[in-house]
Amino acid sequence: MSTKSRSLTKTLAFKGIGKNEFETAYPPERMGNTANIAYGGYALATAAKAAALSVPQGYHLYSIMGNYLGPALTDRPLRSSVRTIRQTRTFATRQVEVSQKQDDGSIRACLIALADFQVAEPAMLEFSIPPSKAYSGPEGLQALPAHRKHLVDTGKISQQLADMHSKSFGVSEGLYETRPCPEGIFYSNLTGLAKTLPTPQDSLPITEKSTADWLRSLFPLPSLVDNVANLAFVMDGAVSFAPLSFSKMFLDDAGACSSLDFALRLFKRDIKMEEWHLKEWTTKVGAEGRTFSEARLWDKEGNCVACMSQQSILRPKKDGKKGLKL
Numbered sequence: 277m278s279t280k281s282r283s284l285t286k287t288l289a290f291k292g293i294g295k296n297e298f299e300t301a302y303p304p305e306r307m308g309n310t311a312n313i314a315y316g317g318y319a320l321a322t323a324a325k326a327a328a329l330s331v332p333q334g335y336h337l338y339s340i341m342g343n344y345l346g347p348a349l350t351d352r353p354l355r356s357s358v359r360t361i362r363q364t365r366t367f368a369t370r371q372v373e374v375s376q377k378q379d380d381g382s383i384r385a386c387l388i389a390l391a392d393f394q395v396a397e398p399a400m401l402e403f404s405i406p407p408s409k410a411y412s413g414p415e416g417l418q419a420l421p422a423h424r425k426h427l428v429d430t431g432k433i434s435q436q437l438a439d440m441h442s443k444s445f446g447v448s449e450g451l452y453e454t455r456p457c458p459e460g461i462f463y464s465n466l467t468g469l470a471k472t473l474p475t476p477q478d479s480l481p482i483t484e485k486s487t488a489d490w491l492r493s494l495f496p497l498p499s500l501v502d503n504v505a506n507l508a509f510v511m512d513g514a515v516s517f518a519p520l521s522f523s524k525m526f527l528d529d530a531g532a533c534s535s536l537d538f539a540l541r542l543f544k545r546d547i548k549m550e551e552w553h554l555k556e557w558t559t560k561v562g563a564e565g566r567t568f569s570e571a572r573l574w575d576k577e578g579n580c581v582a583c584m585s586q587q588s589i590l591r592p593k594k595d596g597k598k599g600l601k602l
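Numbers 277 to 602, taken from the numbering used here, label the letters of the sequence shown in order.
In structure tokens form, the structure reads like this:
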């Protein structure tokens, strides 16, 4: 079954393989990475789902933080194991490890995380940070495939580059409708692949640059757990290479570029990923061969519903060496 006809819910359907241990129905897939390894959002979504299924009804995920320990392979399913760290009347904490079984039978860890849950409580204060810039609403904006075709038709990019982009990010296009905002950088440079094209933010320092997309699930999401898994999947996307794209570079310009750690925080319990949400990327620091970047998510009413921050490896190419192959 192709990705475009299979929802994330089906891909991450669990079967029990032991006490508090599960295996996904399908292997993860490659996306937004030049190496033949799986998109990290699959492992993060698996961890979020496993943790959410382990708590009593009425407990809601508010943060999941941890480390990517190594790349996942695309020819075998993901495994998850959950351990209870805390369980009180108000809070629950779970440790989750996501792994894969190797050809020799050994288990290799891909991700380790702590997930925290809280029962619903009344708010004493309610406020929400807005996006860093004013972005167009989704109405009237082109979906990503149509926008990509427009760039080809107007002579801004070649068909070869468009095909490369479609291949790199096709998994996401099969799961979500995405509409890039013209005020953002990704709209102009096609997620960074069209490096030479001008953007409306070329005069800004990198820490003031941003990009944003409207997105919504193409598949119905019948449960809160499904919505949480989809949110985790979405929030991992493009955080590691946003600094490259903001600098008129892409993955082929770097020796290494991938997420090292993550902190995903949720600010609403009734997440509805079938509805339009605005995702904005920014980057804060680059030093010591690493970058620190963020992605935030707002619902259509302007409420910030989630924030993802990550440190990522961003290693320069060695002298005489080629960058990551596209």
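Heads up, the beta-carbon is just placed ideally off N, CA and C, and yes, glycines get one too. Keep in mind it's a predicted model, so treat the numbers as computed, not measured.
For the pair of segments examined, the region 338 to 358 was found to touch the region 377 to 393: the number of CB pairs separated by less than 8 angstroms reaches three.
Following the DSSP letters along the chain, one finds PRO456 inside the beta strand (DSSP E) bounded by residues 452 to 456. Closest option to ILE589, judged by alpha-carbon separation, among ILE547, CYS580, ALA532: ALA532.
Between LEU349 and GLN376 the beta-carbon gap is near 6 angstroms, inside 8 angstroms, which marks them as a contact. With a 10 Å radius around the Cβ and a threshold of 16 neighbouring Cβ atoms, ILE433 comes out buried. One alpha carbon belongs to ALA470, the other to MET525, and they sit about 9 angstroms apart.
LYS560 carries a strand assignment under DSSP once its states are collapsed to helix, strand and coil.
In the three-state DSSP reduction, VAL515 falls in the coil class, being neither helix nor strand. Under the three-pair Cβ rule at 8 angstroms, the region 362 to 381 does not count as touching the region 537 to 547. Boundaries around PRO421 are those of the alpha helix (DSSP H), 420 to 429, since no beta strand (DSSP E) includes it. Beta-bridge partners of ASN343 (DSSP): ILE388, ASP537.
Taking C-alpha positions only, SER412 is separated from LEU451 by approximately 22 angstroms. Proximity to PRO421 across ALA410, GLN435, LEU497, ALA323 peaks at GLN435, based on C-alpha coordinates.
Per DSSP, ILE361 is one residue of the beta strand (DSSP E) stretching across 355 to 363. The beta-carbon distance between ILE482 and PRO458, rounded to whole angstroms, is 20 angstroms. This is too long to meet the 8 angstroms contact definition. Segment contact: the region 496 to 514 against the region 292 to 305, fewer than three CB-CB distances shorter than 8 angstroms; contact not assigned. Taking every protein chain shown into account, the CB of GLN333 has fewer than 16 other CB atoms within 10 angstroms, so this residue is exposed. When beta bridges are read from the DSSP output, ASP489 appears opposite PRO456, LYS555. Per DSSP, SER375 is one residue of the beta strand (DSSP E) stretching across 367 to 377.
For the region 278 to 334, the continuous beta strand (DSSP E) assignments of 3+ residues that do not extend past its boundaries occur at 290 to 294, 297 to 300, in sequence order.
In the three-state reduction of the DSSP assignment, THR467 falls in the helix class, which pools H, G and I. Residue environment analysis places ALA563 among the exposed positions, since fewer than 16 neighbouring C-beta atoms fall within 10 angstroms of its C-beta. Distance from LEU494 to GLU551 at the Cβ level is roughly 12 angstroms; contact not present, criterion being Cβ atoms closer than 8 angstroms.
Only buried fits HIS441, as 16 or more other CB atoms lie within 10 angstroms of its CB. Scanning its chain for C-beta atoms nearer than 6 angstroms, with the 5 sequence neighbours on each side dropped, one finds around PHE568 the residues LYS560, VAL561, GLN587, in chain order. With a 10 Å radius around the Cβ and a threshold of 16 neighbouring Cβ atoms, PHE403 comes out exposed. Sequence-distant partners of PRO406 (beyond 5 residues in either direction) whose C-beta falls short of 7 angstroms from its own C-beta, in its chain, are GLY578. Counting the other Cβ atoms within 10 Å of the Cβ of SER499 gives fewer than 16, which makes it exposed.
Per DSSP, reduced to three states, the secondary structure at MET400 is coil, with no helix or strand assignment. The three-state reading of DSSP puts LEU349 in coil, since its state is none of H, G, I, E or B.
Within the model, the alpha-carbon separation for ASP351 versus PRO398 is close to 45 angstroms.
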